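Undergrad:
Residue numbers (our numbering), protein chains in the order written: chain Z, 1 to 496; chain D, 1 to 496; chain F, 1 to 496; chain A, 1 to 496.
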């Protein structure tokens, strides 16, 4: 039996949930949590703007396919984190934002930084809670974590008044739940499986669209098996980028528009039919294409376009079921379709290379992108921002991370709320940066932690950048990053 | 090509979704929808308080396992429906509430009955929308319907300004979506299935708790097969009541507390571990019981109590998988456990019968319940209200509806928001009523539609009711109901 | 020093705030408050549907120009009260709704009737709070009361978990605030006053529109003085009806449309320029009329129409300032305008009388209204519902209550959320009822408290009603009411 | 007659409302507004993070005592502005945030940057609207502006879908309202005035606490007259700092705690009794002090502490009424009280000067503050951030701006949501910066507009800063600022 403060209960609950790092901008209302983190060996990463903390927590969640945590003071701390939370909401990322709060004992009196936080966060989270008693901290936090991780993942918010963090309770009165998260890997039912098989067997011009769900369900390997078995071309978007390597024979990149417009069967895996896919409608999709979709969220099934079949379940499991069910010989049947796509892919690639060969000054987006690409290795984490530029860079920088466990963070910029982890605290609008190691949320943060880092910018402010300059910046970034270590050791940040 | 009003688009979209009846209290803002219903052959059932309309739409949804629709004027019409919507939310019932709205062209000026409806309905629905253009009516309504029916079902709200209902558009500009609802019947993955099998094979004192999910997944038959295969006793609650008939040898009713308190394995099917089950905690559940749970909503898995296993999927499919997987011979193994339960069940039954034998005046709850039970046949729909009384009546009135398609409406009163379809518009607090046919939402409505109906009340106001009086009222109700016809033919209600 | 339960603290705080009656439908979650009410001599009026409780609390607030209180159980109790709260919100009535809540100690576990109440009530209240500690009960309640009464009045909501109501604290730790409501009676500044005077002195065809603000500011007497001084015709709407008696020479009723359409100066007192006044725009208001407005809520000043002058302050004080400032002789100047209005008023009255003379069967609205009017005395409280019928009845039933302290409850039906206190719990749609004494919220409630009461209905269900029948019903109602006593003595209601 | 786009309507409405500058981070969804601004001669100031735009709009509102406007793209643009809006909400600043929105015609389909913005902004604004038709743009914007400026000022939000901005309508169909804002300057009623007078006449140890309301009501001059007439010491906080110059004999700075703790009468002008004033309770306020308060928001009257008197009205008008009402001779009566305060003020000043004399390295806060103070002139705008440091600097930097029209922006940091305009986009945590001219929202913005600017930081990163370094930085900042011009000429920003 021991007495623990509320802050210690927070840290112990997080640690037990497997959390090793929390991201924060330190402040007085949440000090007891830092102390708890020291005791529980949870590293506290201090950043310079709470937006960076939220983005970093999001990135941590994506990298680990688990909960990511940002920890902020009430009032401006919580409001500063809003963009990061909204981004995680759009990207289905299980971020837990823990906000301090004015003391419960002063609620309503106009205490320092007292703000209506739960109502504010509700529209951009799967759930938002205010803790009412110290002993309930583990229960509320684990409820939030389960909510974030279950079904369609997404961010959650918990606010904890500072007096509850300071108060101590006996640990037996505030037990930390166990066995509270179950992420069942749903399979397809026999009828659904049979219909899916029929669709694929009958297809002459199949297309597979692989989105973030393939990444979240860790289905890269079964996708490769399936693509080979079905002979189908695979396009990737969002966090799905990289689930097939650039050298996989069924992976295609530059002919998505033409392929979707001419396909007779489209299998959509873990990506919504939103603006990025023309809402699944003509002219992006052929009018009479037969479309099937697998997604963790059943509400996405039938959204914007009629489906032949919608299945809600685990993409890895279902692809394995499919591989077992499909007859041999399908690749031969669709070989002409693949050949035509390959021819067009080559043409498109050639045109891009031409565009990137220019020496025009200021540097063209294409040339700049090619220089970035030249500095990127398999270990590089590329973080970009700014829709147009990111779209351009994405055509050149290979994303090839089978087994690497890295995160397609760049895809954040394509999400409907498009902010990458690093963006907003850089002093200039960063068009693309190369960071390593992974979760460095911002330049100033990295610098404050004595992490080497660098960035290659192409903003208005540096519009005179030449190809040589871009190349130099990118390489400098990469080499300095090699000298860095990450993550920092756990220590309590100084307060300001 | 034809021109359709917005009101007609509403009716056509509903009809295409399989809706045959809508429940309403008629008013000017939604008149164009009534006209559309006449054209599209959707029956309009006019009631006397919008709360009754919402409860009736909820009941319709439960009976049909599909969408139920209530249609109300803006302002007080929508606010009057709030309790019905909240009830549907607690009970996971796919009710679509369509609210009129002040004209879009006058928004913000303080128009008649202008109210902030979407924000009001949001906390008690799965989604709430305001239609912005006439041509979007089919899209918004089908989005709402998909949301209501997908995953964990629940109510939704759509408001449509009256000017958009009056405006006409060419039908080709407002196509009604098809193939927009997919209710995939998820199966268990192999690992989950194996673990579940192991739990059951090892169990010495298993208990199955069957809730509303068993009804929604239409799993009554596979539950019976499973119970027989596993030899497990089955208790039912909520909308799960009646999925095993009273004469099924594995069905138990009066020993739930003892059984859960002594079980070593509990399989929870489609019911949350909320207050009705003591939060799955001691003393209701044995401290060391191993608990597995199947629920459509993954967020319920691990809530309030550690689970050995949580599966999100279709209960019917998964029970069938289990029946195939379980070895023979399990019933012999657990026979002593069942024998003990049967002995205790008999004792409990005997005590209840004693309590109900009294001739005390005013009539005791138990006696009164027994008289009601005597008047109820398999075809009777029992609608009750008032927590204590309903709990008592439930012990006497058999719910036995294999294949009958009827609705365990009584269970509404056990839900955390406990209001039954009929309650609030009766002039006295109705403790229990016998209605037939099914969805009659209130006495005055039935009367207005010239439906025979009746009720047996036990309220303070009738506390002198004797056993004879209760019996007489209940029988009168049943016999008059036999003469009724339902549903009424479609006609446009008079406006007031 | 004494120990008080949370429930007792509620009652004591209410009593200290001058509350003598609370309206409720009794239930377990709020029992400690009833006990407190017994100790503190606050009468508990038990009704049959929480909607009636909320409407009654609203009526109490209007009658007393102070706080009115409804007290309901969590979940369905709170949702049932929503229409009453929304009505109070539209009518600017300071209703305090106190809702029970599931125990704080079980928050989030799915406790009985646990519902997200604060978010639900927020869109229709000036503020909504959840109490976090027993000792904060007086502070939160008084904050709610101050919010309800300050500036533009309106409803508020406070939820109190049942464990906090049961817990006892020393009274010195939970002091009840004093001096916490200040309703400053703001005067006009010199510039504003001068401009207002100029407008009136220059006017040839002035019109005064007196709304509910005149009632709330208790400005009937100063309005009469002002009207006489300025010689201006006065029309009344909403809760302003009756502030000038029907026999006052400046009071007009049947020519509002013509007058506003021809006025050169309109002074709007305490009523918004919403749908009831054609948004202050042509054709209701003359295009070039110069409009000035006095309202407690500055946001209403300039809404929908340009104003020459907008003043936010106390109507009584400002009218007194005006009376002092205006020169003598104005009535002579505008005499022709008044004469013309009087001629038209007589014509309109004649036409109405003709319409009401018919013996047609079923009875015409006009005749029916005249019969109601014949049964109404100065002491009668008229409660109506159903927009069209109420509009008709309002033309015949005189509202003449100088000094009577009665409430123009009928006007509720003209408000944008139009529900009168009695409506929804009557078993038939009540077109108009005559109640006495004042706040009887419904027939069944009155009956349950052994109050004589009656009603005259004109619904579809009684469409054969004749003039004789209407007259008989109305007189019966009045005479039975005379025998009643009100309010009931304080006693604890039985629980169900 | 002319055709105008929705974007042009926005700009024309703003221009007509007196807005000369809007602050933005440019993006595609709001381009039509920029075009409109070019036509209507509204300067568009492009910044590097939407948070800066919101803070700048807030600062503009404070400087002009009128509406300030920030203009942002949907999704991340709006979420980035949240902190700025929340800050304006806490500081009662009339900021209008205009957010772009996904096309109305694609609402609900998952369009680029589609986000639920209105619900998000509601908890931190006085009102939030979504425009439904192009022709309603002027009406909605003017409604928002009236709401922001009326009564207690505060921020508002309007979102406008991009298709409505692009669509053109005839200007006569979308008239821009006039005369829609009235900010009545309420006077005290005779009773209130008399009571106030009595309090002051009887006082032996009076204290006046002057907050932001004195600034907003432009009451600096009448406050000086009143203080001299009453002989009362005046303390200032929040935006009230500087309303009395540092050399005014009744202005006090360093003895507030002692004075409030010993006063017998406190007059609180335009500042809430929140955490900054110890909630108006002991030990900050004497237990038996008689407190009167004047505030624009009547809900503040009686909050946290009983008041003898609460008045809601214009502070300038009421102080003038008071000056006329008060008898002569009061200063003599309270002379001993002032003498004692002056003695203590001198002592406190001396201690501070001692603290600031240190040469310790790293530089002490006090010394650093003194160096900043030495570089500040009457024209300097001081922008600070970081609670502790700001509190320290505030003791040294004189705020003396009678008639200067400058803004006490530093006080933002004392507000409960404490972020100053410049903070968050600086690459290091800025403890204090000296900006000139006024509204420069951030270093990178200033640089992008070729504005000279500078800053003096005392962050961890520069903790070795010496006194000489601080002095040098501050002077460099000031001198470079002198060369700048502001505001920039209107031009359309480049898009990215």
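Don't be surprised by glycine CBs; every beta carbon is placed ideally from N, CA and C. Remember, predicted model here, so these are calculated numbers, not experimental data.
Using the C-alpha atoms, what's the distance from residue 305(F) back to residue 283(F)?
TA: As a first step, residue 283(F) is located in the third chain; it is residue number 283 there, counting from the start. As a first step, residue 305(F) is located in the third chain; it is residue number 305 there, counting from the start. Rounded to the nearest angstrom, the two C-alpha atoms are 13 Å apart.
Undergrad: How many Å lie between residue 3(F) and residue 169(F) at the Cα?
TA: What you label residue 3(F) is simply residue 3 of the third chain in a count that begins at 1. What you label residue 169(F) is simply residue 169 of the third chain in a count that begins at 1. Going from the Cα of residue 3(F) to the Cα of residue 169(F) covers about 5 Å.
Undergrad: Residues in the segment 299 to 314 of chain F with C-beta within 9 Å of chain A's C-beta atoms, listed in sequence order?
TA: Along the segment 299 to 314 of chain F, the positions whose C-beta sits under 9 Å from a C-beta of chain A are 299, 300, 301, 302, 303, 304, 305, 306, 307, 308, 309, 310, 311, 312, 313, 314, read in chain order.
Undergrad: The alpha helix (DSSP H) with residue 315(F) in it runs from where to where?
TA: As a first step, residue 315(F) is located in the third chain; it is residue number 315 there, counting from the start. Residues 315 to 325.
Undergrad: Counting only runs that start and end within the segment 19 to 56 of chain Z, where is the alpha helix (DSSP H) found for 4 or more residues in a row?
TA: Entirely contained in the segment 19 to 56 of chain Z, the alpha helix (DSSP H) runs reaching 4 residues are, in chain order, 31 to 40.
Undergrad: Quick one: is residue 18(F) buried, meaning 16 or more other Cβ sit within 10 Å of its Cβ, or exposed?
TA: Within the third chain, residue 18(F) is the residue found at index 18, counting from 1. It is exposed - the Cβ of residue 18(F) has fewer than 16 other Cβ atoms within 10 Å.
Undergrad: Against chain A, with Cβ distances strictly below 8 Å, would residue 12(F) count as a contact?
TA: Residue 12(F) sits at position 12 when you count from the first residue of the third chain. Not a single C-beta of chain A is nearer than 8 Å to the C-beta of residue 12(F).
Undergrad: Specify the secondary structure class of residue 284(A) as computed by DSSP and reduced to three states.
TA: If you number the fourth chain from 1, residue 284(A) lands on position 284. Of the three classes helix, strand and coil, the one that applies to residue 284(A) here is coil, per DSSP.
Undergrad: Just to check my reading of the structure: residue 399(Z) and residue 270(Z) have Cβ atoms closer than 8 Å, yes? What is that Cβ distance to the nearest angstrom?
TA: Taking the first chain and counting its residues from 1, one reaches residue 399(Z) at position 399. Taking the first chain and counting its residues from 1, one reaches residue 270(Z) at position 270. Wrong, their Cβ atoms sit about 16 Å apart, outside the cutoff.
Undergrad: For the beta strand (DSSP E) containing residue 157(Z), name the first residue and the last one.
TA: Locating residue 157(Z) in the first chain gives position 157, where the first residue counts as 1. 156 to 161 is the extent of the beta strand (DSSP E) around residue 157(Z).
Undergrad: Does the segment 111 to 126 of chain Z come into contact with the segment 174 to 190 of chain Z, if we say contact requires no fewer than three beta-carbon pairs (one atom in each stretch) closer than 8 Å?
TA: no
Undergrad: Taking the beta carbon of residue 237(F) as the centre, do at least 16 other beta carbons fall within 10 Å, making it buried, or is it exposed?
TA: One-based indexing of the third chain puts residue 237(F) at position 237. Classified as buried, residue 237(F) has 16 or more neighbouring CB atoms from the shown chains inside 10 Å of its CB.
Undergrad: Quick check: what's the CA-CA separation for residue 154(D) versus residue 125(D)?
TA: Numbered from its first residue, the second chain carries residue 154(D) at position 154. Numbered from its first residue, the second chain carries residue 125(D) at position 125. Roughly 7 Å between the two C-alpha positions.
Undergrad: Going along the segment 92 to 126 of chain A in order, which residues come within less than 9 Å of chain D, judged by CB to CB distance?
TA: Contact residues of the segment 92 to 126 of chain A toward chain D are 104, 105, 107, 108, 109, 118, 119, 122 (C-beta to C-beta distance below 9 Å).
Undergrad: Taking residue 351(A) as the reference, which of 161(A), 140(A), 366(A), 187(A) has the closest Cα?
TA: In the fourth chain, the residue the question calls residue 351(A) occupies position 351. Nearest of 161(A), 140(A), 366(A), 187(A) to residue 351(A), Cα basis: 366(A).
Undergrad: Starting from residue 146(Z), trace the alpha helix (DSSP H) in both directions and tell me its first and last residue.
TA: If you number the first chain from 1, residue 146(Z) lands on position 146. 137 to 149 is the span of the alpha helix (DSSP H), which, as asked, contains residue 146(Z).
Undergrad: Since residue 217(D) and residue 317(Z) are thought to touch, with beta carbons under 8 Å apart, how far apart are those beta carbons, to the nearest angstrom?
TA: As a working note, residue 217(D) is residue 217 in the second chain. As a working note, residue 317(Z) is residue 317 in the first chain. Contact flag wrong, Cβ pair sits at about 20 Å.
Undergrad: Can you tell me the Cβ-Cβ gap for residue 223(A) and residue 309(A), rounded? I've got them flagged as a contact below 8 Å.
TA: By 1-based counting over the fourth chain, the position of residue 223(A) is 223. By 1-based counting over the fourth chain, the position of residue 309(A) is 309. Contact doesn't hold; Cβ gap of about 18 Å is too wide.
Undergrad: Report the start-end ranges of each alpha helix (DSSP H) in the segment 174 to 203 of chain F that is 4 residues or longer and not cut off at the edges.
TA: Here the runs fully enclosed are 190 to 202.
Undergrad: Run the CB neighbour count on residue 288(A), radius 10 Å, all protein chains shown included, and call it buried at 16 or more, exposed below.
TA: In the fourth chain, counting from the first residue as 1, residue 288(A) sits at position 288. With fewer than 16 Cβ atoms within 10 Å of its Cβ, residue 288(A) is classed as exposed.
Undergrad: Just by C-beta distance, which residues in the segment 275 to 291 of chain A are closer than 8 Å to chain Z?
TA: 275, 279
Undergrad: Return the chain-ordered list of same chain residues with a C-beta closer than 8 Å to the C-beta of residue 489(F), the five sequence neighbours on each side being excluded.
TA: Position 489 of the third chain, counted from the start, is the residue given in the question as residue 489(F). Any reading at residue 489(F) needs caution, since the residue's pLDDT is 33, under 50, leaving its predicted position unreliable; the model's value is listed next. So the qualifying residues of the chain are 43.
Undergrad: Can residue 207(Z) and residue 260(Z) be called in contact, C-beta distance under 8 Å?
TA: Here residue 207(Z) refers to the residue found at position 207 of the first chain. Here residue 260(Z) refers to the residue found at position 260 of the first chain. Closer than 8 Å, so yes.
Undergrad: Beta-carbon of residue 135(F) versus every beta-carbon of chain A: anything under 8 Å?
TA: For this step, residue 135(F) is matched to residue 135 along the third chain. No, no contact with chain A.
Undergrad: Measuring only the C-alpha atoms, how far is residue 91(A) from residue 240(A)?
TA: Taking the fourth chain and counting its residues from 1, the one referred to as residue 91(A) is at position 91. Taking the fourth chain and counting its residues from 1, the one referred to as residue 240(A) is at position 240. Using only the alpha carbons, I get a separation of about 12 Å.
Undergrad: Does residue 13(A) pass the burial test, meaning 16 or more other C-beta atoms within 10 Å, or should it be called exposed?
TA: By 1-based counting over the fourth chain, the position of residue 13(A) is 13. It is buried - the Cβ of residue 13(A) has at least 16 other Cβ atoms within 10 Å.
Undergrad: Let me make sure I understand the geometry here. Which of 255(A), 38(A), 28(A) has the alpha-carbon closest to that of residue 22(A)?
TA: Here residue 22(A) corresponds to residue number 22 of the fourth chain, with the count starting at 1. The shortest Cα separation from residue 22(A) among 255(A), 38(A), 28(A) belongs to 38(A).
Undergrad: Check the Cβ-Cβ distances between residue 70(F) and every residue of chain Z, and say whether any is below 8 Å.
TA: The residue you call residue 70(F) lines up with position 70 of the third chain. With 8 Å as the cut-off, residue 70(F) does not count as an interface residue toward chain Z.
Undergrad: Cutting at 6 Å between CB atoms, please list the residues of its own chain near residue 45(F), excluding the five before and the five after it.
TA: Start at 1 with the first residue of the third chain, and residue 45(F) comes out as number 45. 21, 23.
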